[in-house]
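Below is one structure, written out as structure tokens; comments come after it.
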Amino acid sequence: MKIKRFRAPDMRAALQQIRSEIGDDAVILATRRVREGGWRTVFGLFGRPLVEVTVAWDEGPRTARRAGSRRQAAVPAANGRPAGGGGPATAPSVNGLPAGDGPTVTGTMPRAGETGTSALPATAGSQRLDVTVGDQPLVPTIRPREGTGPQAPRRPGGGGSAGAGADGVPVAPDPPASPGGRQAPGGALPPGLRLAATPPLSGVVVAIGPTGAGKTTTLAKLAAHATLERGLRVALVAADTYRLAATAQLEAYAQVLGSELAVAYSAAEVAAYVERLRSQADLVLVDTAGRSYRLPEVVAEMARVVAAAAPDRVLLVLPAVLSPADAEDLARAVRGIGVTDLVVTKVDETVSPRALLERAATWGWPLALVGCGQRVPEDLVTATPEALSPWLDREARVAPVGGGGGRGGAG
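Quick note on our numbering: the sequence shown kicks off at 404 and runs consecutively.
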């Protein structure tokens, strides 16, 4: 096993260097951003930013043969391309770049022929994108549409509406009674809970919420559905530069889906990127940092970011495991930011999602989406009575045994 570090201006260039020198068998051990010159610059502040990728590989017969073929390919051919090159250089399909020193990002080098320049066809679902931070998955696998299994409720009859998927991906709900959202019928749903008239699949959509709510994963699922199921042009803006893995996760998905990703470090950059991408994409998704909304300065900063994006929809993403009291405090804090819709995630991680939904019914914002697992994009569904009732029915069955209580962590 050999280990080597590569440095380049960006991840794409680094991966091209790795493929050129080692081949497709290299395993990425870590990625981080560094400054050229290190301590020799003024505390590393003014050096040119670079990407450092650490890789490992086995120096076996297969690798040796690849090295020999690369040395042969290094001799320019008559047409100006390296000998043995059957076409243009293949762009890498994985671009996992954390925003600084932090968790280890591991994964295999993309194989030749796998590019991130176009959306995956429906038949390509068997290809896996497995990127991990430590021992946790950074990007859930985009799986083939082979059914959702028992844990993801879906609308009875599977389809029927425009863009509907039979496996629980976001679907257009029934025609709304009013543009401001439709009233959820009685029965299992909390009284007064409004459901959004349409899923957020057009214009500029900003996601806000506490740490660990699942904002980045929700937007990744939404982007995958919009691209793979609806054929929409999707662009991503990452304004979450506090959490190291958030940008890497969106960047990996952007590569797979063929979507443009812009990383913004200020409200002004958010405004500039959104203004440019708005005319180029059907859907622009803006990810924001999960922060403590108990701090007034955090709320003010988030308000500036949201205002800069001039969004059509602002999604407040809350995990179902969040206590109603904490959710109430958060909803009160973001009241002036311009929230238009709610997204409740992690309903599969609690036996009592009703408590949060009952509290949410008092806020007036319609529920747009429900996250019910890690699969992409299946485990994000449009909020409908049919989508919610299985989880609420499960609560009714479990509550007499386990008792009440809806408090949990937001991890």
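For every residue, glycine included, the Cβ atom is placed at its ideal position computed from N, Cα and C.
Per-residue DSSP class, three states only, for residue i
i: V742; result: coil
i: V389; result: This structure gives no information on residue 389, because the portion of the chain shown stretches from 404 to 814.
i: R410; result: strand
i: I421; result: helix
i: W766; result: coil
i: L698; result: coil
i: P714; result: coil
i: L664; result: strand
i: L625; result: helix
i: K749; result: coil
i: P788; result: helix
i: P722; result: strand
i: V782; result: Note on residue identity: the sequence assigns Asp, not Val, to residue 782. Three-state result, D782: coil.
i: T691; result: coil
i: P793; result: helix
i: V677; result: helix
i: A459; result: strand
i: V640; result: strand
i: T619; result: helix
i: V754; result: coil
i: P727; result: helix
i: L432; result: strand
i: L604; result: coil
i: A684; result: coil
i: L653; result: helix
i: R438; result: strand
Among the options, nearest to residue i - alpha-carbon criterion
i: T434; options: A706, R410, D428 and D427; result: R410
i: P727; options: A706, G739 and T765; result: T765
i: S605; options: T743, L635 and A734; result: L635
i: V709; options: E424, R735, R451 and S669; result: S669
i: A816; options: E455, R438 and D427; result: Only positions 404 to 814 of the chain appear in this structure, which leaves residue 816 out of reach.
i: G774; options: G767, L791 and D643; result: L791
i: Y676; options: S695, A711, E632 and A657; result: A711
i: L592; options: G776, Q777 and L759; result: L759
i: V720; options: A763, V701, T601 and I421; result: A763
i: E678; options: A610, A713, R738 and P613; result: A713
i: E672; options: A703, R707 and Q658; result: R707
i: V754; options: D796, L596 and M705; result: D796
i: I611; options: A667, R633, V737 and T650; result: V737
i: E761; options: L680, A600, A667 and A730; result: A730
i: M414; options: A600, G739 and Q658; result: Q658
i: E700; options: E424, P788 and I740; result: I740
i: G767; options: S423, I425, P594 and P412; result: P594
i: R438; options: E424, Q419, P412 and I425; result: P412
i: P788; options: L596, D461 and I425; result: L596
Residue j beta carbon less than 7 Å from that of residue i
i: L664; j: L639; result: yes
i: D744; j: L718; result: yes
i: K749; j: A786; result: no
i: P769; j: W794; result: no
i: V746; j: L725; result: no
i: V390; j: D685; result: Residue numbering for the chain in the displayed model covers 404 to 814; residue 390 lies beyond these limits and cannot be assessed.
i: P613; j: G693; result: yes
Chain-order list of residues whose beta-carbon lies under 8 Å from that of residue i (same chain, five-residue window excluded)
i: L653; result: T619, L622, A623, L639, A641, L664 and D690
i: R484; result: For R484, the predicted structure reports a pLDDT of 38, less than 50, and the residue's modelled location is therefore unreliable. A value from the coordinates is still provided. Nothing listed; no residue qualifies.
Residue i, buried or exposed, once every other Cβ within 10 Å from all chains shown has been counted against 16
i: L698; result: exposed
i: R735; result: exposed
i: R468; result: Low confidence applies here, because R468 scores a pLDDT of 45, under 50, leaving its location unreliable; read the following figure in that light. Flag for R468 reads exposed.
i: Q683; result: exposed
i: A616; result: buried
i: D643; result: buried
i: A703; result: exposed
i: E632; result: buried
i: E549; result: Note that E549 scores a pLDDT of 40, beneath 50, so its modelled location is shaky; the value from the coordinates is reported in the next line. Looking at its Cβ environment, which holds fewer than 16 other Cβ atoms inside 10 Å, E549 is exposed.
i: V804; result: At V804 the pLDDT is 37, less than 50, meaning the model places this residue with poor confidence; the figure from the coordinates comes in the next sentence. Exposed, since its Cβ has fewer than 16 Cβ neighbours within 10 Å.
Same chain, Cβ closer than 6 Å to residue i, five either side skipped, listed in chain order
i: A674; result: A711
i: V609; result: V689, V709, A712, P714 and V717
i: L680; result: A638 and V687
i: I425; result: W460
Residues near residue i in its chain [Cβ-Cβ closer than 7 Å; skip 5 each side]
i: I421; result: F409, A429, V456, V458 and M512
i: A626; result: V637, L639, Y656, L660, S662 and L688
i: L733; result: P613 and Y696
Any C-beta of chain C under 7 Å from that of residue i
i: A692; result: The question asks about chain C, but that chain is absent: this structure has only one protein chain.
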